[in-house]
Every structure is written in structure tokens, then in C-alpha cells.
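Asker: Handing you a structure now.
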Amino acid sequence: MSFTSEVKDELARVVPACPECEKATLAALVRIEGTLFVSGPARYRVEIATDAPAVARLVVRLLHSIYELKTNLTMRRSVLHKTPNYLIEVPAQPHLADALRDMGVLSAEGGLEMGIKEALVAKPCCAAAYLRGAFLGSGFVSNPKSDFHFEITVESEALAEGLVALMARKDITARIMNRRSSYMVYLKSGNAITEFLAFTGAHQAALSMEEERVVKSVRNDVNRQINAELANQQKASNAAVGQIYAIRAVVEHYGMEDLPPALQDFIRLRVTYPEASLKELGERANPPLSKSAVYHRVRRIESMAAELQGAAQS
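Residue numbers for the sequence shown follow our numbering, so the first one is 604 and each next one is one higher.
Printed below as a string of C-alpha cells:
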């Protein structure tokens, strides 16, 4: 089962916080997954398709319990993907038009409603329920072990803007992308996705997201520390190689015995411990030296080597 399917299965079982929440969930599902057919004046029928069995059961139950509408359920199997698909047909019947107006599918004038009916989402719990229905309809969320990605696809720009506004009430920042004839409401931040899942009631999925976010954060921190350490080691190694070349030039020209004792001690330390940092060389000196004292010796040797190279070139 995909992570999206797991989330939808969990959301379909959320206990509503108030009696109006289920209506909000159903309204979003019908708006997003429903197809409206008109066969005459004020004569409608609706088809709702989903590939999630838990969502199909939820839609049928809510249509029966809230509006007492008759439904026909058909399970179809995709030849291409060999997965079941559920078609819920709501045939033409009395009060269907009233139910569609109540769900914000039809406007009071009889035309299609483009945005979200405010009465459905007036309370925070109902706003969460509407978003829950929207995700149950056309939501997708990637497995948190991969890149974080979340989207809900709708056909109306006004509906997409309405979903973004509902998320904004919970300080969840969503964006809209126009894709062919549809609009994609998407989240890219792992934190925003976790907030959405928790807000709509998918607490187990939110916990899984949060756990994976922590794992990724720790892994990234470790990788950054390793990369920084490797870079520092490479820098120290390059510096040590340069120091050894300078030491060779100075010793070959002046001789070890004619150099000051402080430089002789440093040369012995550097040759003995070629990969050590200046701090480590100072700790190995007898008596121990500060890093700045060791660096001062390095600068003297490099300056002497540079003078010799300049004299050779002139």
C-alpha cells in the first residue's frame, strides 16, 4: 500500500468533531471527484469515482445518512493497472438538487459554484473536514523516505484558492500551479505537510512524517559535519605538504645545525607527524606550544624558503 493510500485510509476513519464536519467532507469529495450530469430542467445525476475502497464506503455512507439519497455502487477493474476503481452513481431523484446546493456544488441560482461555500467551513473543525475531503478526493503525498511532496488537484481556480485560504487559517502555506486544464495546490515543506496531516486528522501519518524529518535532519547534520571535517583535513594536508617543501629548501641551503633551535624543533615535529594540524604539533612539543607560536615558526620557514626561491629566480 502506498503512503497516499495509508493516509486516505486513516482520514476516511476520522471521527467528526461536530455534526457539520461530515457534510463538509462529503461536499469536498463531491466537488473534486464528482461529475454532474444534467438531463433536464433541475434534473441532475452525479457520478463519483475513487480508487480507494475506504473513500467509496465513506461517500456512500454520508450520502445515505446526511441526505437519504439513493446510490448505486459499481466496482470496476482497470485493465492497464489491474487495480479496482469504484463508481458511485447518484441517480436523478427528488431533493438531489437541494443536496447539491447545500454542499456548495450548485449556486442558489442553479449554476455551478466555483469557490467554497462559506457556511460549510465556518468553524475550524469544519475547515479541517473540508480539507480532509479534498485530500480524500484527489490528494497525493509522497513517501516521507523520499523527497517531500504533497498535492491536491482541482478543476477550478476558485476552488484551489479556497483550499489555500483554508490552509492559511492554520498557518500552512500552500501554492497553486496551473497544469493543463487543472490547478494543483501543493506543499513542498516537510513541516507544512506534517501540519496538514495533523490538522485534518491523519495523526499516525503525521507522526511518520515527523520521524522521517528528524532522521533526515540528523543525517544532513552528520553529512555536513563529515564534509566540513574532510575539507579541514584536506586543507591541513595541503598546508603540511607546502610546509615540508619549504623545510626541504631551507635545510638544504642552511643545514639543520645552523637553524635556530625553535625552527629545528618545529622541523622535527613536522617531519615526524606530517599529517598533524598546527594545534596537534603544538601539543606534541616539549614544552607544549600554542597554535599561534607554531604558526609563527611556520611563517619564518616559509619566508626563508620564499627568499631562497626569489634569489634563485633573479
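C-beta atoms are modelled at their ideal positions from N, C-alpha and C, and glycine is treated no differently.
Nearest to Lys-720 by CA position, among Glu-764, Leu-699, Ala-896 and Asp-654, is which residue?
Answerer: Among Glu-764, Leu-699, Ala-896 and Asp-654, the Cα nearest to that of Lys-720 belongs to Glu-764.
Asker: Can you tell me which of Lys-894, Ile-796 and Glu-716 puts its alpha carbon nearest to the alpha carbon of Ser-880?
Answerer: Out of Lys-894, Ile-796 and Glu-716, Lys-894 has the C-alpha closest to the C-alpha of Ser-880.
Asker: Looking only at its chain, what residues have a beta carbon closer than 6 Å to the beta carbon of Leu-629, apart from the 5 residues adjacent to it on each side?
Answerer: Answer for Leu-629: Leu-665, listed in chain order.
Asker: Please classify Ala-620: does DSSP put it in a helix, a strand, or coil?
Answerer: Coil, per DSSP.
Asker: Quick one: what's got a C-beta closer than 6 Å to Ser-759's C-beta in the same chain, skipping five residues either side?
Answerer: For Ser-759, where only same-chain residues beyond five positions count, the Cβ hits under 6 Å are Met-717.
Asker: Rank Met-604, Leu-766, Ser-784 and Thr-875 by C-alpha distance to the C-alpha of Thr-776 and give the top, closest one.
Answerer: For the residues Met-604, Leu-766, Ser-784 and Thr-875, the minimum Cα distance to Thr-776 belongs to Leu-766.
Asker: From Ala-737 to Val-821, what does the alpha carbon distance come to, in whole angstroms?
Answerer: Distance between the alpha carbons of Ala-737 and Val-821: 33 Å.
Asker: How about Arg-902 and Leu-866: do their beta carbons lie closer than 7 Å?
Answerer: No; because the gap between Cβ atoms is not below 7 Å, this pair is not in contact.
Asker: Comparing C-alpha positions only, which one of Thr-686, Arg-648, Val-649 and Arg-634 sits nearest to Ser-608?
Answerer: If we check each option's Cα against that of Ser-608, Thr-686 comes out closest.
Asker: Compute the Euclidean distance between the alpha carbons of Tyr-733 and Ala-631, then round it to the nearest angstrom.
Answerer: Going by the C-alpha atoms only, they are around 6 Å apart.
Asker: For Val-874, does the count of other Cβ atoms within 10 angstroms reach 16, so buried, or fall short, so exposed?
Answerer: Classification of Val-874: exposed, given that the 10 Å Cβ count is below 16.
Asker: Kindly indicate which three-state DSSP category Glu-754 falls into: helix, strand or coil?
Answerer: Three-state result, Glu-754: strand.
Asker: Looking at C-beta atoms only, is the number of pairs between the region 655-671 and the region 771-790 that lie closer than 8 Å three or more?
Answerer: With a cut-off of 8 Å, the region 771-790 and the region 655-671 do not count as touching, because too few Cβ pairs lie within range.
Asker: Would you check if the region 696-708 and the region 741-748 touch, i.e. whether three or more CB-CB distances between them fall below 8 Å?
Answerer: Not touching, per the Cβ criterion.
Asker: Just checking, does the region 843-856 make contact with the region 903-910 on the three C-beta pairs under 8 Å criterion?
Answerer: Touching, yes, given that three or more Cβ pairs across the two stretches are closer than 8 Å.
Asker: What did DSSP end up calling Leu-884 once you bin it into helix, strand or coil?
Answerer: It is helical.
Asker: What separation, rounded to the nearest whole angstrom, lies between the Cα atoms of Ile-691 and His-806?
Answerer: Approximately 28 Å between the Cα atoms of the pair.
Asker: What span of residues does the beta strand (DSSP E) with Asn-688 cover, start to end?
Answerer: Asn-688 -> beta strand (DSSP E) spans 687-693.
Asker: Give the range of the alpha helix (DSSP H) segment to which Arg-816 is assigned.
Answerer: From DSSP, the alpha helix (DSSP H) with Arg-816 extends over 806-857.
Asker: Do you know offhand how far Gly-740's Cα is from Glu-625's?
Answerer: Rounded to the nearest angstrom, the two C-alpha atoms are 14 Å apart.
Asker: What does the Cβ neighbour count give for Arg-679, buried or exposed, with the cut at 16 atoms within 10 Å?
Answerer: So Arg-679 ends up on the exposed side.
Asker: For Arg-816, which residues of its own chain have a beta-carbon under 6 Å away from its beta-carbon, when the five flanking residues on both sides are left out?
Answerer: Result list for Arg-816: Gly-793, in chain order.
Asker: Using the C-alpha atoms, what's the distance from Ala-620 back to Tyr-647?
Answerer: Their backbone Cα atoms lie some 31 Å apart in a straight line.
Asker: Could you tell me which of Leu-892, Val-658, Thr-803 and Val-897 sits nearest to Ala-731, measuring between CA atoms?
Answerer: Among Leu-892, Val-658, Thr-803 and Val-897, the Cα nearest to that of Ala-731 belongs to Thr-803.
Asker: If you follow the alpha helix (DSSP H) that Asn-794 is in, where does it begin and where does it stop?
Answerer: Unbroken alpha helix (DSSP H) run through Asn-794: 793-803.
Asker: Given this structure, state the Cα-to-Cα distance separating Leu-709 from Phe-640, to the nearest angstrom.
Answerer: Each residue's Cα considered, the two are about 12 Å apart.
Asker: Kindly provide the ranges of any beta strand (DSSP E) runs that are 3 or more residues long and lie completely inside the region 757-793, ordered along the chain.
Answerer: 778-782 and 785-790, all fully within the region 757-793.
Asker: So, at 8 Å on beta carbons, what are the nonlocal neighbours of Met-859 in its own chain, with the 5 sequence-adjacent residues on each side left out?
Answerer: Gln-867 and Ile-870, listed in sequence order.
Asker: DSSP state of Leu-661, grouped into three classes?
Answerer: It is helical.
Asker: Which residue comes first and which comes last in the beta strand (DSSP E) that contains Ser-642?
Answerer: Run containing Ser-642: 637-643, per the beta strand (DSSP E) assignment.
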